[in-house]
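J.: Sharing a structure below in structure tokens format, with a few things to ask.
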Amino acid sequence: MSSDTPGFETLQLHAGTQPDPVTGARQTPIYQTTSYVFEDADHAASLFNLQTFGFIYSRLTNPTVSALEERLAALEGGRGGTACASGHSAQLLALFPLMEAGDDVVASTRLYGGSITQLSKSFRKFGWGVRFVDFDDHDAVRAAIGPKTKAVFCESLANPGGVVTDLEAVAAIAEKAEIPLIVDNTMATPYLCRPIEFGATLVVHSTTKFLTGNGTAMGGAIIDSGRFAWTRGDKFPSLAGPEEAYHGLNFSETFGDLAFTMHAHAVGLRDLGPCQSPMNAWLTLLGSETLSLRMERHCSNALAVAEFLEAHPQVEWVSYAGLPSSKYKGLADKYLPKGAGAVFTFGVKGGYEAGRAVVENCEMLSHLANIGDTRSLIIHPASTTHRQLNPEQLAAAGAGPEVVRLSIGIETVEDIIGDLDQALGQAQKKAAE
Ligand SMILES: *Cc1c(COP(=O)(O)O)cnc(C)c1O
């Protein structure tokens, strides 16, 4: 490694891992263990007091999981990483140190359907409020921030609908309000976009998707930029006030730019419990080794499929940020210069029934509720992933009745196009009957 900062492709292979010092194993071992022997009573005590880094119990830390955390932090250009059981638990752990009952989050209307439900229904039970606003309207974002708002939350590239957030503008609004910006970077991955470079405080991931890449392992992660000063005890008491469970320790004073990451392990994972399994961390480490190669092909295939669909007589519209017809093309050029991702939506002529018929008639594309697999996937959001939303929420989320969502894989592109072409033909025949 000659240059000062290794390149992305080098980091995706080497960051966080080295040959095993005991056996020489080149690939990271799967430390399939729950617990670790202490050297002596003093060592045990200092570990429990957070005075020594080390392993106690795998709900808090595990060597395979730690390797993944370090790699993801390097790929995102952050200070520290916390891996957890799923993308949804990453969102829970990201907000947990920031929020008290009665506080709220300002969030984009353009979020993964499950995130809208999580924020608006389940988190309400903790007394955490949410205000959803259109993040294209920066005045509305500014106006929605109140005295109890503790975070601004959006996706860099949102699904469905090919929406790109103007991260720099939103980060400036959050900074002025002295609150953190949390960006869900699942759809873009750090290969296409690194939100910390544009002012994000925390980046959250569902590693279940492109980062693992093969549809094999659930997982989530939070990467902290290390740049937010959690010094206001009145605003962020968990991070900047005394922590009872650790003899009144103040995380912000004690750990500085690692305060969030230390708290997420020592309190968040310890008390809430959604740790990542070593096996899943290992699968994600393996997947991350080829992230750049897969994303390049995902993006070039997606652009070719989007162009094909846009020219198809059965297709009403295509919403892909990489197309010149997208109103987000300018933002995509700025924030996603290597490609606008692989997930996008299109509208079929004939509405709800036509949308369902296209999905049903695909032979190679898999009909399922996931994105970011190496294989091409298709779904009809209005009757599946976004079923819980009301018509206004459906429209705001870009998931109306005629909408079909694709997650384009890395197959031979002519085969993907061929399958969609015949499915559109079948749907048309059915509509004509
Ligand atoms: C899938 C997904 C999530 C939730 O992640 P899980 O790993 O399924 O819990 C959150 N945000 C986005 C953008 C997603 O695609």
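Residue numbering for the sequence shown follows this note's numbering, beginning at 737 and increasing consecutively.
No residue lacks a Cβ here, since even glycine has one placed at the ideal position from N, Cα and C.
Can you tell which of TYR1088, GLU1025, HIS999, THR952 has the C-alpha that lies nearest to the C-alpha of TRP966?
T.: As a position in the sequence shown, residue 966 is number 230, starting the count at 1. Among TYR1088, GLU1025, HIS999, THR952, the Cα nearest to that of TRP966 is on HIS999.
J.: Check whether the Cβ of HIS824 sits closer than 6 Å to any heavy atom of ligand 1, and report yes or no.
T.: Here residue 824 is taken as the residue at index 88 of the sequence shown, counted from 1. Yes.
J.: Look at GLY743 and PRO896 and say whether their C-beta atoms are less than 7 Å apart.
T.: Walking along the sequence shown from the start, residue 743 turns up at place 7. Walking along the sequence shown from the start, residue 896 turns up at place 160. No; because the gap between Cβ atoms is not below 7 Å, this pair is not in contact.
J.: Measure from the alpha carbon of GLY1009 to the alpha carbon of each residue in ASN785, PHE789, PRO757, LEU796, then state which is nearest.
T.: Start at 1 with the first residue of the sequence shown, and residue 1009 comes out as number 273. Of the candidates ASN785, PHE789, PRO757, LEU796, the one whose C-alpha sits nearest the C-alpha of GLY1009 is LEU796.
J.: In the DSSP assignment, find the beta strand (DSSP E) that holds HIS941 and state where it starts and stops.
T.: Counting from one through the sequence shown, the residue named residue 941 turns up at place 205. First-last of the beta strand (DSSP E) with HIS941: 938–942.
J.: Just to confirm, does SER942 get its C-beta within under 6 Å of one of the non-hydrogen atoms of ligand 1?
T.: Along the sequence shown, one-based indexing puts residue 942 at 206. Yes - ligand 1 has a heavy atom lying nearer than 6 Å to the Cβ of SER942.
J.: Does at least one heavy atom of ligand 1 sit under 6 Å from the Cβ of ASP920?
T.: Locating residue 920 in the sequence shown gives position 184, counting from the first residue. Checking every heavy atom of ligand 1 against the Cβ of ASP920, one is found closer than 6 Å.
J.: Taking a contact to mean a Cβ-Cβ separation below 7 Å, would you say VAL1084 touches VAL1094 in this structure?
T.: One-based indexing of the sequence shown puts residue 1084 at position 348. One-based indexing of the sequence shown puts residue 1094 at position 358. In contact: VAL1084 and VAL1094 (Cβ atoms closer than 7 Å).
J.: Which residues share a DSSP beta bridge with TRP1053?
T.: Here residue 1053 corresponds to residue number 317 of the sequence shown, with the count starting at 1. In the DSSP output, where bridge partners are listed per residue, TRP1053 has GLY1083.
J.: Considering only residues of the same chain and omitting the five flanking positions on each side of LEU985, which have a CB-CB separation below 6 Å?
T.: Against the sequence shown, residue 985 aligns to sequence position 249. Correct list, in chain order: GLU979.
J.: From the DSSP output, which residues share a beta bridge with GLU891?
T.: Sequence index remark: in the sequence shown, residue 891 carries index 155 (1-based). Answer is ASP920.
J.: Should TYR927 be listed as close to ligand 1, given that the test is whether its C-beta is under 6 Å from any heavy atom?
T.: Start at 1 with the first residue of the sequence shown, and residue 927 comes out as number 191. No.
J.: What are the boundary residues of the beta strand (DSSP E) that includes ILE1114?
T.: Sequence index remark: in the sequence shown, residue 1114 carries index 378 (1-based). Residues 1113–1115.
J.: At a cut-off of 6 Å, is TYR848 close to ligand 1 when judged by its beta-carbon and the heavy atoms of the ligand?
T.: Looking up residue 848 in the sequence shown gives position 112. Yes, the Cβ of TYR848 comes within 6 Å of a heavy atom of ligand 1.
J.: Span of the alpha helix (DSSP H) holding VAL877?
T.: Working through the sequence shown from its first residue, we reach residue 877 at position 141. Segment 874–880, the alpha helix (DSSP H) holding VAL877.
J.: Taking only the alpha-carbon atoms, compute the straight-line gap between ALA712 and ALA1168 and give it to the nearest angstrom.
T.: With the chain represented from 737 up to 1169, any question about residue 712 goes unanswered, as that position is not in the structure.
J.: Identify which residue in VAL906, MET1015, GLY956, THR1110 has its Cα closest to the Cα of SER942.
T.: Looking up residue 942 in the sequence shown gives position 206. Residue GLY956 is the option with its Cα nearest to SER942.
J.: Strictly by DSSP, which residues pair up with LEU1142?
T.: To locate residue 1142, count along the sequence shown from 1; it is residue 406. Its beta-bridge partners are PHE1080, ILE1114.
J.: Could you tell me which of PRO1117, LYS1070, SER1024 sits nearest to VAL1139, measuring between CA atoms?
T.: Looking up residue 1139 in the sequence shown gives position 403. Of PRO1117, LYS1070, SER1024, the residue nearest in Cα terms is PRO1117.
J.: Closest to ARG968 by C-alpha separation, out of ALA953, SER988, LEU811, ILE958, would be which residue?
T.: Position 232 of the sequence shown, counted from the first residue, corresponds to residue 968. Cα-wise, what sits closest to ARG968 is SER988.
J.: Can you tell me whether GLY849 is helix, strand or coil according to DSSP?
T.: Reading the sequence shown from its first residue, position 113 is the one you call residue 849. It is helical.
J.: Would you mind stating whether GLY1145 and ALA924 have Cβ atoms separated by less than 7 Å?
T.: The residue given as residue 1145 occupies position 409 in the sequence shown. The residue given as residue 924 occupies position 188 in the sequence shown. No, these two residues do not count as a Cβ contact at 7 Å.
J.: Under 8 Å, with one C-beta from each stretch per pair, do the segment 940–954 and the segment 910–923 reach the 3-pair mark?
T.: Because the criterion of three Cβ pairs below 8 Å is met, the segment 940–954 and the segment 910–923 touch.
J.: Applying the criterion that 16 or more other CB atoms from any shown protein chain within 10 Å of the CB defines a buried residue, is ILE959 buried or exposed?
T.: For this step, residue 959 is matched to residue 223 along the sequence shown. With 16 or more Cβ atoms within 10 Å of its Cβ, ILE959 is classed as buried.
J.: In this structure, does DSSP put HIS1048 in helix, strand or coil?
T.: Position 312 of the sequence shown, counted from the start, is the residue given in the question as residue 1048. Of the three classes helix, strand and coil, the one that applies to HIS1048 here is coil, per DSSP.
J.: Can you name, in chain order, every residue of its own chain whose Cβ lies under 7 Å from the Cβ of ILE932, other than the five neighbours on each side?
T.: Stepping through the sequence shown from its first residue, residue 932 is reached at position 196. These residues qualify, in order along the chain: GLU812, GLY813, GLY814, VAL939, SER961.
J.: In terms of residues, what are the limits of the beta strand (DSSP E) holding ALA819?
T.: Taking the sequence shown and counting its residues from 1, one reaches residue 819 at position 83. That run of the beta strand (DSSP E) goes 816–820.
J.: Which parts of the segment 738–792 are runs of the alpha helix (DSSP H), unbroken and 4 residues or longer, counting only runs that do not cross its ends?
T.: The qualifying runs are 744–750, 777–784.
J.: Which same chain residues, not among the five before or five after ALA809, have their C-beta less than 7 Å away from its C-beta?
T.: As a working note, residue 809 is residue 73 in the sequence shown. So the qualifying residues of the chain are ARG815, GLY816, GLY817, ILE959.
J.: Between GLY1136, ASP1109, LEU1072, which lies nearest to LEU903 when the distance is taken from Cα to Cα?
T.: Your numbering for residue 903 matches position 167 in the sequence shown. Measuring from the Cα of LEU903, the nearest candidate turns out to be LEU1072.
J.: In or out: ALA880 buried (at least 16 other Cβ within 10 Å) or exposed?
T.: Here residue 880 corresponds to residue number 144 of the sequence shown, with the count starting at 1. It is buried - the Cβ of ALA880 has at least 16 other Cβ atoms within 10 Å.
J.: Below 8 Å on the Cβ atoms is my guess for GLY849 versus LEU1125; work out the distance and round it to an integer in Å.
T.: Counting from 1 along the sequence shown, the entry for residue 849 is found at position 113. Counting from 1 along the sequence shown, the entry for residue 1125 is found at position 389. Contact flag correct, Cβ pair sits at about 6 Å.
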